[in-house]
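Protein chains in written order, with my numbering: chain A, 1 to 303; chain B, 1001 to 1303.
The block underneath contains the structure these notes are about, expressed in structure tokens.
There are 2 protein chains.
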Amino acid sequence: MKRILIHEVGPRDGLQMEKQVVPLEIKEGWIRGVMDAGVDLVQVGSFVHPEKVPQMADTDELFRRLTAGKTGSTVLSGLVLNEKGLERGLQCGVEMFCLGASASETHSRKNTGIGTEEATRRIIGAAKQAVAAGKKVQVSVQSAFGCGFEGPIPEDRVLGMVRAYLEAGLTNISLADTAGHADPAQVERLFGAVFALDPAVECTCHFHNTYGLGMANIFAALRAGVTTLETSFAGLGGCPFTKVAAGNVATEDLVHALHRQGLRPDVRLDGLLGVARSVAEHFGRDLPGHVYRTGPITTKEAS
Amino acid sequence: MKRILIHEVGPRDGLQMEKQVVPLEIKEGWIRGVMDAGVDLVQVGSFVHPEKVPQMADTDELFRRLTAGKTGSTVLSGLVLNEKGLERGLQCGVEMFCLGASASETHSRKNTGIGTEEATRRIIGAAKQAVAAGKKVQVSVQSAFGCGFEGPIPEDRVLGMVRAYLEAGLTNISLADTAGHADPAQVERLFGAVFALDPAVECTCHFHNTYGLGMANIFAALRAGVTTLETSFAGLGGCPFTKVAAGNVATEDLVHALHRQGLRPDVRLDGLLGVARSVAEHFGRDLPGHVYRTGPITTKEAS
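Okay, here's the thing in structure tokens:
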């Protein structure tokens, strides 16, 4: 089995959904906690207009702080939706650019103001620039499994976008279930079709738990050969421009589950639980994650 | 693919965990709602000592009311832990007896006052009596995937109990994850081992969502060939005598997911959502289910 990588997207996908803007120092503490726990990738923030998503206004400054004198192997990623974002990211130390376009025409227009085709073309252009600048790049298809506005998304449309990415030499590809519509059979089928296009593609999955299927979909993705899993501390998350938004699978719940199966024992669960508890405490409410509340399963304990 | 059956256990596993005793008329309304929705089996209650579990004191009366002039094909089941319970169940119209013993010595003693071996022997005796009385019977191994008190449970011990059930001619067998310790790989492995003992066995699964893996485990069980799925309205549930108790997968979330995959379109989701909303309203708090809060995915909707 190929090595599974964990991509923490809480600082971006989680915090963009919260009404309150989290102070930079607190965000920085959470991100450093995740890095210290040995998570492979952390999405520090997105480069969007600060008036549109004020929660992400400090992304540039966060990158500058986190990359200064950085040690450890965690890769710091940033989400970019257009050329302007790429420019900002190149200036502040982004290590991996995550760029995406939505397979839903309606979601694409709400999120970026342009349609799927134009967004895909522009994303590919920006991704090539990032590659040319020596950066790691992940390209994604958002709303790949369905859309709250449009309903089912034709698989051909998703595969067409994947094909365009592959033809541009972009082989790190994410399918994102922005609306939470995916089911396990669909996940295996669609990722299977992606691997049929190119068996060497590196696939990432990103599931929202809107209807309770997030974790089941992750295990279906693993079965299909997906190697990078995007999750969020304490299960925070959701796209502000989708119809029914809900959290991601909690990173610490996923790591706890992987540990049960003997996978990624090197990732430190206690560190992740500490971050999740701190996030829940900060927001002052119960968040979707399970294990930060129950504590992990212990192998043997006194009654 | 074999037909998947849904066994609603909310009236028993869900309500036994709630501090407040739900009035009989309200329970009856919820159960009738589930029956009207076309769910295959409903666990009306358990036959335990009313002082030990006062929430279940009205089980006999509920059975009498629900079986009087009953129409529709839903099978009404009752949980029995000993001979006394069987006697009560035979007198009030139970259609299917669910009997179980725990693979965890500690959990067995806390739940029933006797150890695994004696409990298994007594359960088999009672199950045979129920069969002789012309009743449907399901026998279960509780704590089959791990125990909050004892930690991992040897798979050989679980399979030994299954073998004893099979040798007694009991072929409707449930593995219950009382503590929520199961992971998808373990689920496939253990049910696979059960089917290896007897490919004709009818298997049921029962997962608690303590650590966030309930739905993923159900899909793993389906893959292994399990055909009956036990879930609870709005995701209520938990055994009062386990260490860290948490809810089941929500019945309406499961049916919503099955519908996404084209399975069991005959079960009426709207009816189940009505029950789940009524349960949540009654308890006055958010319950674990997702779809009763978000509403189902609609195929096509206006933005």
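Each residue gets a CB set at the ideal place from its N, CA and C atoms; glycine is no exception.
Legend entry - C-beta contact flag for E167/A and C205/A at 8 Å: Numbered from 1 along the first sequence, position 167 holds the residue referred to as residue 167/A. Numbered from 1 along the first sequence, position 205 holds the residue referred to as residue 205/A. Against a cut-off of 8 Å, the Cβ pair of C205/A and E167/A comes out as no contact.
Inset, instruction - Grab the span of the beta strand (DSSP E) containing C205/A for me, first residue to last. - result: Taking the first residue of the first sequence as position 1, residue 205/A is located at position 205. Counting along the chain, C205/A sits inside the beta strand (DSSP E) bounded by residues E202 to F207.
Inset, instruction - Could you name the residues of the segment 145-162 of chain A whose beta carbon sits closer than 9 Å to any beta carbon of chain B, in the order they occur along the chain? - result: Result list: G146, G148, F149, E150, G151 and P152.
Inset, instruction - Can you grab the Cα-Cα spacing for the pair G1033/B / A1182/B, in whole Å? - result: On the second sequence, position 33 is the one that residue 1033/B refers to. On the second sequence, position 182 is the one that residue 1182/B refers to. Roughly 31 Å between the two C-alpha positions.
Legend entry - Spatial distance of H1290/B from G69/A (CA atoms): Locating residue 1290/B in the second sequence gives position 290, counting from the first residue. Locating residue 69/A in the first sequence gives position 69, counting from the first residue. Cα-Cα distance, rounded: 43 Å.
Legend entry - Sequence-distant residues of the same chain with beta carbon closer than 7 Å to T1074/B, five excluded per side: The residue given as residue 1074/B occupies position 74 in the second sequence. So the list reads M1035, V1039, D1040, L1041 and V1042, once near-sequence residues are dropped.
Inset, instruction - With a threshold of 16 other CB atoms inside 10 Å of the CB of G180/A, please say whether the residue is buried or exposed. - result: Walking along the first sequence from the start, residue 180/A turns up at place 180. Of the residues assessed, G180/A falls on the buried side of the cut-off, its CB having 16 or more other CB atoms within 10 angstroms.
Legend entry - CB contact below 8 Å: D177/A versus chain B: Translated into positions along the first sequence, residue 177/A becomes position 177. By this cut-off, D177/A is not an interface position.
Legend entry - 8 Å Cβ cutoff, Y165/A in contact with chain B: If you number the first sequence from 1, residue 165/A lands on position 165. Chain B contact via Cβ: absent.
Inset, instruction - Quick one: give me the first and last residue of the beta strand (DSSP E) that E230/A is part of. - result: Along the first sequence, one-based indexing puts residue 230/A at 230. From DSSP, the beta strand (DSSP E) with E230/A extends over T228 to T231.
Inset, instruction - Specify, as a first and last residue, the run of the beta strand (DSSP E) that M1017/B falls within. - result: Numbered from 1 along the second sequence, position 17 holds the residue referred to as residue 1017/B. Premise fails: M1017/B is in no beta strand (DSSP E) and is neither H nor E.
Inset, instruction - Would you tell me roughly how many angstroms separate the C-alpha atoms of G1010/B and L1272/B, rounded to the nearest one? - result: Reading the second sequence from its first residue, position 10 is the one you call residue 1010/B. Reading the second sequence from its first residue, position 272 is the one you call residue 1272/B. Roughly 12 Å separates the two Cα atoms.
Legend entry - Given D253/A as reference, the closest of A234/A, Q91/A, H107/A and Q20/A once Cα atoms are compared: In the first sequence, the residue the question calls residue 253/A occupies position 253. That would be A234/A, whose Cα lies nearest to the Cα of D253/A.
Inset, instruction - Spatial neighbours of E301/A within its chain, please: CB distance less than 6 Å, with the 5 preceding and 5 following residues excluded, ordered by chain position. - result: Here the question's residue 301/A lines up with position 301 in the first sequence. With a pLDDT of 45 at E301/A, under the threshold of 50, the modelled position of this residue cannot be trusted, and the question is left open.
Legend entry - At least three beta-carbon pairs within less than 8 Å, the segment 1215-1230 of chain B to the segment 1154-1169 of chain B: no
Legend entry - Pairwise C-alpha distance: Y292/A and T251/A: Here residue 251/A is taken as the residue at index 251 of the first sequence, counted from 1. Here residue 292/A is taken as the residue at index 292 of the first sequence, counted from 1. One C-alpha to the other measures close to 10 Å.
Legend entry - Counterpart residues of Q1043/B in DSSP-defined beta bridges: Start at 1 with the first residue of the second sequence, and residue 1043/B comes out as number 43. DSSP lists S1077/B as partners of Q1043/B.
Inset, instruction - Measuring only between beta-carbons, confirm whether R260/A sits less than 8 Å from chain B. - result: For the purposes of this step, residue 260/A is taken as the residue at position 260 of the first sequence. Cβ-Cβ to chain B under 8 Å: yes for R260/A.
Legend entry - Rounded straight-line distance, which links the Cα of G1214/B to that of L86/A: Residue numbering aside, residue 86/A sits at position 86 when the first sequence is read from its first letter. Residue numbering aside, residue 1214/B sits at position 214 when the second sequence is read from its first letter. Distance between the alpha carbons of L86/A and G1214/B: 40 Å.
Inset, instruction - Would you identify the three-state DSSP class for L166/A, choosing helix, strand or coil? - result: By 1-based counting over the first sequence, the position of residue 166/A is 166. Of the three classes helix, strand and coil, the one that applies to L166/A here is helix, per DSSP.
Inset, instruction - Output yes if chain B places a C-beta closer than 8 Å to the C-beta of I6/A; else output no. - result: As a working note, residue 6/A is residue 6 in the first sequence. No, no contact with chain B.
Inset, instruction - Compute the Euclidean distance between the alpha carbons of T171/A and L1079/B, then round it to the nearest angstrom. - result: One-based indexing of the first sequence puts residue 171/A at position 171. One-based indexing of the second sequence puts residue 1079/B at position 79. Distance between the alpha carbons of T171/A and L1079/B is about 54 Å.
Legend entry - Integer-rounded CB distance, given that T116/A should sit under 8 Å from E105/A: By one-based count along the first sequence, residue 105/A stands at place 105. By one-based count along the first sequence, residue 116/A stands at place 116. About 5 Å; that satisfies the 8 Å criterion.
Inset, instruction - Determine the DSSP secondary structure at K136/A, reduced to helix, strand or coil. - result: As a position in the first sequence, residue 136/A is number 136, starting the count at 1. Three-state DSSP puts K136/A in a strand.
Inset, instruction - May I have the straight-line CA-CA distance separating N1082/B from F1047/B, to the nearest angstrom? - result: For this step, residue 1082/B is matched to residue 82 along the second sequence. For this step, residue 1047/B is matched to residue 47 along the second sequence. Roughly 9 Å separates the two Cα atoms.
Inset, instruction - Would you tell me roughly how many angstroms separate the C-alpha atoms of N209/A and R1122/B, rounded to the nearest one? - result: Working through the first sequence from its first residue, we reach residue 209/A at position 209. Working through the second sequence from its first residue, we reach residue 1122/B at position 122. Answer to the nearest angstrom: the Cα atoms are 42 Å apart.
Legend entry - Contacts around E1095/B, its chain only, beta-carbon distance under 6 Å, and the 5 residues preceding and following it disregarded: Here residue 1095/B corresponds to residue number 95 of the second sequence, with the count starting at 1. Only V1075 and L1076 meet the Cβ criterion.
Legend entry - Cβ neighbours of V131/A in the same chain (closer than 6 Å, five flanking residues each side left out): In the first sequence, the residue the question calls residue 131/A occupies position 131. Same-chain partners within the cutoff: V137.
Inset, instruction - Round the Cβ separation of A1220/B and V1187/B to the nearest angstrom and send it over; I've been treating them as touching at under 8 Å. - result: Here residue 1220/B refers to the residue found at position 220 when the second sequence is read from its first residue. Here residue 1187/B refers to the residue found at position 187 when the second sequence is read from its first residue. Indeed, because the Cβ distance is near 4 Å, the residues count as touching under 8 Å.
Legend entry - Contacting positions in the segment 1202-1216 of chain B - beta carbon closer than 8 Å to chain A: N1209, T1210, Y1211, G1212, L1213, M1215 and A1216
Legend entry - Neighbour flag for T1071/B against chain A, beta carbons, 8 Å: For the purposes of this step, residue 1071/B is identified with residue 71 of the second sequence, where counting begins at 1. No, because no Cβ of chain A sits closer than 8 Å to the Cβ of T1071/B.
Inset, instruction - Return no unless some Cβ of chain B is closer than 8 Å to the Cβ of D183/A. - result: Mapped onto the first sequence, residue 183/A falls at position 183. Yes - at least one Cβ of chain B is within 8 Å of the one on D183/A.
Inset, instruction - Please check if any C-beta of chain A sits within less than 8 Å of the C-beta of F1283/B. - result: Here residue 1283/B refers to the residue found at position 283 when the second sequence is read from its first residue. No, its Cβ sits nowhere closer than 8 Å to a Cβ of chain A.
Legend entry - Member of A1196/B, V1244/B, Q1129/B and A1193/B whose CA lies at the smallest distance from the CA of D1177/B: Residue mapping note: residue 1177/B aligns to position 177 of the second sequence, counting from 1. Here the closest residue by C-alpha is V1244/B.
Inset, instruction - Count the other CB atoms, across all protein chains shown, that sit within 10 Å of the CB of P1265/B; report buried if there are 16 or more and exposed otherwise. - result: One-based indexing of the second sequence puts residue 1265/B at position 265. With fewer than 16 other Cβ atoms within 10 Å, it is exposed.
Legend entry - Exposed unless 16 or more other CB atoms sit within 10 angstroms - verdict on Q1020/B: As a working mapping, residue 1020/B is identified with position 20 in the second sequence. It is exposed - the Cβ of Q1020/B has fewer than 16 other Cβ atoms within 10 Å.
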